[in-house]
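Undergrad: According to my numbering, the residues represented by the sequence shown are -10 to 467, in order.
For each residue, glycine too, the CB sits at the ideal point set by N, CA and C.
Okay, handing you the structure first.
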Amino acid sequence: MAADWLGSLVSINCGPTLGVYQGEVSSVDQSSQTISLRQPFHNGVKCPVPEVTFSAIDIKDLKILDFRYDNSRTTSAAPAKVTSAPVAVPKGDPRSVEKLNSPQHCSKSYGERHLDIPGQPKGFRRRHNSWSASNRGVNQVTPKKNGVKNGQMKQRDDECFGDGVEDFLDTDFDFEGNLALFDKAAVFSEIDISERRNGARSRGTPQEQTPTRYRHDENILEAKPVVYRQITVPQPGAKEYCTDSGLVVPSITYELHKRLLSVAERHGLSLERRLEMTGVCASQMALTLLGGPNRFTPKNLHQHPTVALLCGPHVQGAQGISCGRHLANHEVEVVLFLPNFVKMHDAVTSEVTLFNKTGGKQVSSIKDLPDTPVDLIINCLDCHENTFLMDQPWYWAAADWANQNRAPVLSLDPPAGGQGQAVEAKWSLSLCLPLPLAEGAGRVYLCDIGIPRQVFQEVGIKYHSPFGCKFVIPLHSA
């Protein structure tokens, strides 16, 4: 009988458009296939009207929250057991309400099947959530606190979290078995086939993929292909070098190097300018090798570095003296070794005069050089042309002192590899374009001394500056 369901609390789901209604069943009309709720709530908010009527066509789902059976309407036969298990009503099924009218169609919930305690009233079933059912035994009950307020909170918890526990929750999910069912190779093969059909770019090696994230110095827009060989010389040397960015820097012969400096001097780049530029670049490199900003601070005034300059009476020696002058101006203790000569190059004489104004120490004997290791040795003993200096006693004495001293050596403007060097260097600094240096030259660096591009063109060199934003750059053997 439809009247048996009057007074029950139900929840009616009418889909996403009409929403969910909850309330007490006030009437059920089998002929018109309608059901009415009194004091309804719409999506958790109380409706302004006292009663709402629903048609079976609009009902998507119907759940019984609380069944209230009226004993006054019963016959001699006891009614079937009913539970709070939700009952789903198919959309537009006219027999849905008839099924509701038959209480025997409502089966027991999981909690009622397992928690039938003798002596407990059939009209009351205590609900359990999945956590409590899986973590507590059947006979274990959460201790209750005294008081009406605590009992009310317990009843609310049961109404909110008291859905029946399904049997499948007790079984663990088989991750390994399901993972074995996944054929990774087949899935990626299907993706490749679909990409080829759609004309999309297939996956390639990491080098072929377009990067999705760029560095701060990378261009997002496509640019012209990079040309790494931007310098070509008419008479290439025996070696080629490359910069950190990959630009190729060929070596040149000493004859082409000498002709390039001669043309530059004819256009106004005098020897004095070259000496000053070389001294600045070499001193900047030396200061970096000595520790840079980590060592040259006001708190390190008691730890001034010591640099030994070994210079000969030629242009390369004048370049070293210019470097020592700049180092002395930066609070570096410089010891200049220069042998006594009756007549020296005018550039050497002028540079020595300026160096003596810095307070640096100048010696002409090997005995006056420091006995303890210094921080850095700058070697300017060798010359590109006058190889007879290597036969002088002072040359070999200075070379032996440098090799016995355990300080690293920076060779400034060393000659080509065919001449050989008595002092083994850790770093070598070449000017404008490198010469083919020997293996004992160490790591090669290149400095810019300010020769214009058209001067390079006059001697047949196609030149694009490889220095970028720096004046001294490292070179690597290509």
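Cα separation between L299 and V352?
TA: The residue you call residue 299 lines up with position 310 of the sequence shown. The residue you call residue 352 lines up with position 363 of the sequence shown. Roughly 10 Å between the two C-alpha positions.
Undergrad: Can you tell me which of Q224, I48, S20, Q19 puts its alpha carbon nearest to the alpha carbon of Q11?
TA: Indexing the sequence shown from 1 puts residue 11 at position 22. If we check each option's Cα against that of Q11, I48 comes out closest.
Undergrad: With contact counted as at least three CB pairs below 8 Å, one residue from each stretch, are the stretch 216 to 231 and the stretch 425 to 442 in contact?
TA: yes
Undergrad: What span of residues does the beta strand (DSSP E) with W416 cover, start to end?
TA: Counting from 1 along the sequence shown, the entry for residue 416 is found at position 427. 416 to 420 is the span of the beta strand (DSSP E), which, as asked, contains W416.
Undergrad: Consult DSSP for P29 and reduce its assignment to one of helix, strand or coil.
TA: Position 40 of the sequence shown holds residue 29. Reduced to three states, the DSSP call for P29 is strand.
Undergrad: From the DSSP output, which residues share a beta bridge with S311?
TA: Sequence index remark: in the sequence shown, residue 311 carries index 322 (1-based). S311 pairs with nothing; no bridge assigned.
Undergrad: Can you tell me the Cα-Cα spacing of S471 and F177, whole angstroms?
TA: With the chain running from -10 to 467 in the structure shown, residue 471 is simply not present.
Undergrad: Assign L89 to buried or exposed, taking buried as 16 or more other Cβ atoms, counted over all protein chains shown, within 10 Å of its Cβ.
TA: Here residue 89 is taken as the residue at index 100 of the sequence shown, counted from 1. The pLDDT assigned to L89 is 40, lower than 50, so where the model puts this residue is not dependable; a value taken from the coordinates is nonetheless given after this. Flag for L89 reads buried.
Undergrad: Does DSSP classify F43 as helix, strand or coil?
TA: For this step, residue 43 is matched to residue 54 along the sequence shown. If DSSP states are grouped into helix, strand and coil, F43 belongs with the strands.
Undergrad: Name the one or two DSSP bridge partners that G12 has.
TA: Along the sequence shown, one-based indexing puts residue 12 at 23. DSSP, once it has assigned bridges, lists V(-1) as partnering G12.
Undergrad: Is DSSP giving T338 helix, strand or coil here?
TA: Within the sequence shown, the letter at position 349 stands for residue 338. DSSP places T338 in helix when its eight states are reduced to three.
Undergrad: Going by C-alpha distance, which of A391, A386, V337 is nearest V363?
TA: Translated into the one-based positions of the sequence shown, residue 363 becomes position 374. Closest option to V363, Cα to Cα, is A391.
Undergrad: Are the stretch 262 to 272 and the stretch 304 to 323 touching by the rule of at least three beta carbon pairs closer than 8 Å?
TA: yes
Undergrad: Can you tell me which of the three DSSP states K451 falls into?
TA: On the sequence shown, residue 451 is found 462 positions in, with the first residue counted as 1. Strand, per DSSP.
Undergrad: Going by DSSP in three states, H246 sits in which element: helix, strand or coil?
TA: For this step, residue 246 is matched to residue 257 along the sequence shown. Helix.
Undergrad: Three or more beta-carbon pairs under 8 Å between the stretch 286 to 297 and the stretch 236 to 250, yes or no?
TA: no
Undergrad: Ignore the nearest five residues each way along the sequence and tell me which others in K455's own chain have a CB closer than 6 Å to its CB.
TA: One-based indexing of the sequence shown puts residue 455 at position 466. One point to set straight first is that residue 455 is Pro, not Lys, in the sequence displayed. Excluding sequence neighbours, P455 sits near T232, L236, V238.
Undergrad: Less than 8 Å between the beta carbons of I440 and L245, yes or no?
TA: Along the sequence shown, read from residue 1 onward, the residue named residue 440 stands at position 451. Along the sequence shown, read from residue 1 onward, the residue named residue 245 stands at position 256. Going by C-beta atoms, I440 is not nearer than 8 Å to L245.
Undergrad: Can you give me the Cβ contacts of H373 inside the same chain, cut-off strictly under 7 Å, excluding the 5 residues immediately before and after it?
TA: Your numbering for residue 373 matches position 384 in the sequence shown. Cβ neighbours of H373 beyond the five flanking positions: Y243, P404.
Undergrad: Please classify A467 as buried or exposed, where buried requires at least 16 neighbouring CB atoms within 10 angstroms.
TA: The sequence position of residue 467 within the sequence shown is 478, counting from 1. Per the 10 Å Cβ criterion, exposed.
Undergrad: How long is the line joining the alpha carbons of A16 and P37, rounded to whole angstroms?
TA: Locating residue 16 in the sequence shown gives position 27, where the first residue counts as 1. Locating residue 37 in the sequence shown gives position 48, where the first residue counts as 1. Residue identity differs from the one stated: residue 16 is Ser in this sequence, not Ala. Taking the straight line joining both Cα atoms gives about 19 Å.
Undergrad: Considering only residues of the stretch 362 to 437, which uninterrupted alpha helix (DSSP H) runs meet the minimum length of 4 residues and lie entirely inside it, listed in chain order?
TA: 382 to 393
Undergrad: To which residues of the same chain is E340 closer than 8 Å at the C-beta, ignoring the five residues directly before and after it?
TA: Translated into positions along the sequence shown, residue 340 becomes position 351. Cβ neighbours of E340 within its own chain (closer than 8 Å, five residues either side excluded): L264, A307, I310, S311, R314.
Undergrad: So, under 8 Å CB-CB, V321 and P294 are touching, yes? Tell me the CB distance rounded to an integer number of Å.
TA: The sequence position of residue 321 within the sequence shown is 332, counting from 1. The sequence position of residue 294 within the sequence shown is 305, counting from 1. Sure, about 6 Å apart at Cβ, within 8 Å.
Undergrad: Report, in whole angstroms, the separation of the C-beta atoms of L378 and G301, which I expect to be a contact under 8 Å.
TA: As a working note, residue 378 is residue 389 in the sequence shown. As a working note, residue 301 is residue 312 in the sequence shown. Here L378 really is in contact with G301; their C-beta atoms are around 6 Å apart, less than 8 Å.
Undergrad: Buried or exposed, going by whether 16 or more other CB atoms sit within 10 Å of the CB of H256?
TA: As a first step, residue 256 must be located in the sequence shown, where it is residue number 267. Per the 10 Å Cβ criterion, exposed.
Undergrad: For H465, which beta-bridge partners are listed by DSSP?
TA: As a first step, residue 465 must be located in the sequence shown, where it is residue number 476. H465 pairs with C231.
Undergrad: Within 10 angstroms of the Cβ of Q93, are there 16 or more other Cβ atoms? Answer buried if so, exposed if not.
TA: Indexing the sequence shown from 1 puts residue 93 at position 104. The pLDDT assigned to Q93 is 40, lower than 50, so where the model puts this residue is not dependable; a value taken from the coordinates is nonetheless given after this. Classification for Q93: exposed.
Undergrad: If you count every other CB in all the chains shown that lies within 10 Å of the CB of Q443, and 16 or more means buried, which is it?
TA: As a position in the sequence shown, residue 443 is number 454, starting the count at 1. Answer is exposed; the Cβ neighbour count stays below 16.
Undergrad: Kindly identify the DSSP beta-bridge partner or partners of E254.
TA: One-based indexing of the sequence shown puts residue 254 at position 265. Answer by DSSP bridge pairing: none, since E254 is not bridged.
Undergrad: If distances are taken between C-alpha atoms only, which option among R204, Q410, A175 comes closest to C369?
TA: In the sequence shown, the residue the question calls residue 369 occupies position 380. Nearest option by C-alpha distance: Q410.
Undergrad: Restricting to Cα atoms, I'd like to know which of H453, R186, I366, P5 is closest to T221.
TA: Within the sequence shown, residue 221 is the residue found at index 232, counting from 1. Nearest C-alpha to T221: H453.
Undergrad: Using the Cβ count rule (16 or more neighbours within 10 Å means buried), how would you classify I209?
TA: Your numbering for residue 209 matches position 220 in the sequence shown. Classification of I209: exposed, given that the 10 Å Cβ count is below 16.
Undergrad: Taking the beta strand (DSSP E) that Q224 belongs to, which residues open and close that run?
TA: For the purposes of this step, residue 224 is taken as residue 235 along the sequence shown, with counting starting at 1. Judged by DSSP secondary structure, Q224 falls outside any beta strand (DSSP E); it is assigned neither H nor E.
Undergrad: DSSP three-state call for C458: helix, strand or coil?
TA: For the purposes of this step, residue 458 is taken as the residue at position 469 of the sequence shown. In this structure, C458 counts as coil in the three-state DSSP scheme.
Undergrad: Is E322 helix, strand or coil when you go by DSSP?
TA: On the sequence shown, position 333 is the one that residue 322 refers to. Note: E322 maps to strand in three-state DSSP.
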